[in-house]
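Chains as they are written, first to last, in this note's numbering: chain A, 12 to 134; chain B, 12 to 134; chain C, 12 to 134; chain D, 12 to 134.
Protein chains: 4
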Amino acid sequence: MLFELDFQSPVPIYKQIRDQVVLAVAEGRLLPGERLPAIRTLAEDAGVNNMTVSKAYQLLKSEGYLVTDRRSGAVVCRPSAPAGLDEDQMVRLRMLAGEAKLAGLSRAEFEALCGSLYHETEG
Amino acid sequence: MLFELDFQSPVPIYKQIRDQVVLAVAEGRLLPGERLPAIRTLAEDAGVNNMTVSKAYQLLKSEGYLVTDRRSGAVVCRPSAPAGLDEDQMVRLRMLAGEAKLAGLSRAEFEALCGSLYHETEG
Amino acid sequence: MLFELDFQSPVPIYKQIRDQVVLAVAEGRLLPGERLPAIRTLAEDAGVNNMTVSKAYQLLKSEGYLVTDRRSGAVVCRPSAPAGLDEDQMVRLRMLAGEAKLAGLSRAEFEALCGSLYHETEG
Amino acid sequence: MLFELDFQSPVPIYKQIRDQVVLAVAEGRLLPGERLPAIRTLAEDAGVNNMTVSKAYQLLKSEGYLVTDRRSGAVVCRPSAPAGLDEDQMVRLRMLAGEAKLAGLSRAEFEALCGSLYHETEG
DNA sequence: GTGGTCTAGACCACA
DNA sequence: GTGGTCTAGACCACG
Chain A
12 MLFELDFQSP VPIYKQIRDQ VVLAVAEGRL LPGERLPAIR TLAEDAGVNN MTVSKAYQLL
72 KSEGYLVTDR RSGAVVCRPS APAGLDEDQM VRLRMLAGEA KLAGLSRAEF EALCGSLYHE
132 TEG
Chain B
12 MLFELDFQSP VPIYKQIRDQ VVLAVAEGRL LPGERLPAIR TLAEDAGVNN MTVSKAYQLL
72 KSEGYLVTDR RSGAVVCRPS APAGLDEDQM VRLRMLAGEA KLAGLSRAEF EALCGSLYHE
132 TEG
Chain C
12 MLFELDFQSP VPIYKQIRDQ VVLAVAEGRL LPGERLPAIR TLAEDAGVNN MTVSKAYQLL
72 KSEGYLVTDR RSGAVVCRPS APAGLDEDQM VRLRMLAGEA KLAGLSRAEF EALCGSLYHE
132 TEG
Chain D
12 MLFELDFQSP VPIYKQIRDQ VVLAVAEGRL LPGERLPAIR TLAEDAGVNN MTVSKAYQLL
72 KSEGYLVTDR RSGAVVCRPS APAGLDEDQM VRLRMLAGEA KLAGLSRAEF EALCGSLYHE
132 TEG
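Spelled out as structure tokens, the structure:
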């Protein structure tokens, strides 16, 4: 099963789905060209509303991680024009850098940690 | 002025305040022991409600970035026992590592970026 | 009716709500997995503001007595990893032990009293 | 030094002073007939406002733990007519019994804990 | 429907 | 002066 949803999390469910798809792609568990389950299927499996899954898929589409083909449904794809992190992502990363510093990590430790997390995603 | 709030942002205002305080501490613009503005003062300056600021301060307190002295109000402090990133922070960082990868950054580039953001906070 | 609030009490209303929920759980009047009334419902029934109830619920959540399921609202739960009394609770108990002694109770009487109060909560 | 005040505690300072006097009496560190420091002295030593100490002393007086003699100042005394715990104390103890139960303590464990805390105060 | 957030006031306890 | 609490509304995100 691809998804582990936490209904008690403050993170919206559609966001959790989106996040887990992105991670799966980054880690190579989901390959470009591969099909995602149909909305109804996934919704039933995960015990959530169709609308919730639909929202997640639309978000993924708008971010370029997904294309919907009329015949084959939702298909994974890596962003066509990778252009570095966008502003929102930079803000989040900067925030984490600050928190890491206050949490006692040195710059080297923080870099190493980031690298190892990137590596993990090598799958 | 310490705070720049974006009232259009989906990020709650109390969270924006919290974030900016944390960043300010990390960047050395706010020193441990320094006093934060009184709730009412900040609320008026920023044009938001007292309770919004109050909520931000309580969040900061619960995270250990702030203590409220019964005599002198809100005082900045670095977490007494820095213990690395917590689980939530790790999840956020891991997510960013994945997104960075899909955005076309190499591991080295990502590490360098993280390092530079950490460095920025050296203030 | 689950709640009896005393608006004259110096104890904040949100704290009273929190206390009564905890007691109800301890006494078995509220079972793990059971739903608590919706914030608005409870607020209206009790004649208090939504935010007051909301604050009580958030406090209960932070203490692990409550989880809010994104689909079905507030659900009671016993702390997953019961780990004895925390420091604050120990301080309060120690204070009471001292007061009991000064109130003329012998050690045996105090123990018996504590036991009987625990027993009451067997519900 | 008799007092250790925590200015960052949510417990009011006057209440902390009152609590520590009561504990000291219960533990025998303060004996009936003994004099407490003058308000001004204590206030200066502890770095708090005269009013704060005064409030604590008045509270202690109203509870019967203290009498003020025009010549000798504030004098410790055990309550003249020990009459068991009052209603407020019972409520607090009952609350703790419930919390102890939810924290995983058995009735026997709770009783033993209460007993040991009482014993500690034997000093 | 749910909880989360916010406003524009207010009162109180504390120091 | 400070923070803590509360009210009576409101809007939004989520499912």
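No residue lacks a Cβ here, since even glycine has one placed at the ideal position from N, Cα and C. Quantities reported herein were computed from a predicted structural model and do not represent experimental measurements.
*Using a Cβ cut-off of 7 Å, pull out every chain A residue sitting near THR79 of chain C, in sequence order please.*
GLN19
*Using the beta-carbon count (16 or more within 10 Å), is LEU42 of chain D buried or exposed?*
LEU42 of chain D is exposed by the Cβ-count criterion.
*Within this structure, are the beta carbons of LEU13 of chain B and ALA35 of chain B separated by less than 8 Å?*
yes
_Chain-ordered chain D contacts of ASP56 of chain C [CB-CB under 8 Å]_ = What ASP56 of chain C touches in chain D: nothing, since even the nearest Cβ is about 23 Å away.
*Residue from A:VAL102, A:GLU15, A:GLY39, A:CYS88 whose Cα sits closest to the Cα of SER20 of chain B*: A:VAL102
*Nonlocal neighbours in the same chain, by C-beta distance under 8 Å from GLU131 of chain B, ignoring five residues either side*: GLU38
*Start and end of the beta strand (DSSP E) containing ALA85 of chain A?*
84–87
*Cross-chain neighbours of ILE24 of chain D in chain B, by beta carbon under 7 Å*: ARG81
*List the endpoints of the continuous beta strand (DSSP E) containing GLU78 of chain B.*
According to the sequence displayed, residue 78 of chain B carries Val and not Glu. Its beta strand (DSSP E) spans residues 77–80.
*Go through its chain and collect everything with a Cβ distance to THR79 of chain A's Cβ below 6 Å, but skip five positions before and after it.*
ALA85
_Where ARG118 of chain C falls: helix, strand or coil (DSSP)_ = helix
*Using CA coordinates, which residue listed in C:GLY58, C:LEU47, C:GLU45 is at the minimum distance from LEU16 of chain C?*
C:GLY58
_Given the structure, does LEU116 of chain B come close to the ligand NAP, in the sense that its CB is under 7 Å from one of the ligand's heavy atoms?_
By its list of ligands, the structure shown contains no ligand whatsoever, and the ligand NAP lies outside what it can speak to.
*Top-ranked residue by Cα proximity to VAL64 of chain C, from C:ARG51, C:TYR129, C:SER73*: C:ARG51
*Consult DSSP for ARG46 of chain D and reduce its assignment to one of helix, strand or coil.*
strand
*Check whether ARG143 of chain D and LEU113 of chain C have beta carbons under 8 Å apart*: An answer regarding residue 143 of chain D cannot be provided, because it is not within the stretch 12 to 134 covered by chain D.
_Cross-chain neighbours of ALA114 of chain B in chain A, by beta carbon under 9 Å_ = PRO90, PRO93, ALA94, GLY95, LEU96, ASP97, GLN100
_Euclidean distance between Cα positions of GLN27 of chain A and GLN69 of chain C_ = Cα to Cα, GLN27 of chain A sits roughly 22 Å from GLN69 of chain C.
*asked:* Just to confirm my understanding: we take LYS72 of chain A, look at its own chain, exclude 5 residues before and 5 after, and list those with CB closer than 6 Å. What are they?
replied: none
_In the DSSP assignment, the alpha helix (DSSP H) including ARG40 of chain D goes from what residue to what residue?_
No alpha helix (DSSP H) holds ARG40 of chain D; DSSP gives it neither H nor E.
*For GLU15 of chain D, decide whether its Cβ has a neighbour in chain B, counting only Cβ atoms nearer than 8 Å.*
no
_For SER83 of chain D and GLY44 of chain D, the rounded distance between their alpha carbons_ = Each residue's alpha carbon lies about 10 Å from the other.
*When the Cα of ASP99 of chain D is compared with those of C:ALA111, C:SER117, C:ASN60, which residue comes out closest?*
C:ALA111
*Using 8 Å as the limit for Cβ to Cβ distance, is MET106 of chain B near chain A?*
By the rule that beta-carbons nearer than 8 Å mark a contact, MET106 of chain B touches chain A.
*If contact means a Cβ-Cβ distance below 9 Å, which residues of the segment 37–48 of chain D contact chain C?*
Those would be ALA37, GLU38, in chain order.
*asked:* Just checking: is the beta-carbon of ALA85 of chain D within a distance shorter than 8 Å of some beta-carbon in chain C?
replied: no
*Compute the distance between the beta-carbons of LEU128 of chain B and ALA108 of chain A, then report whether it is under 8 Å.*
Against a cut-off of 8 Å, the Cβ pair of ALA108 of chain A and LEU128 of chain B comes out as a contact.
*asked:* Tell me the rounded alpha-carbon separation between LEU77 of chain C and LYS66 of chain C.
replied: 12 Å
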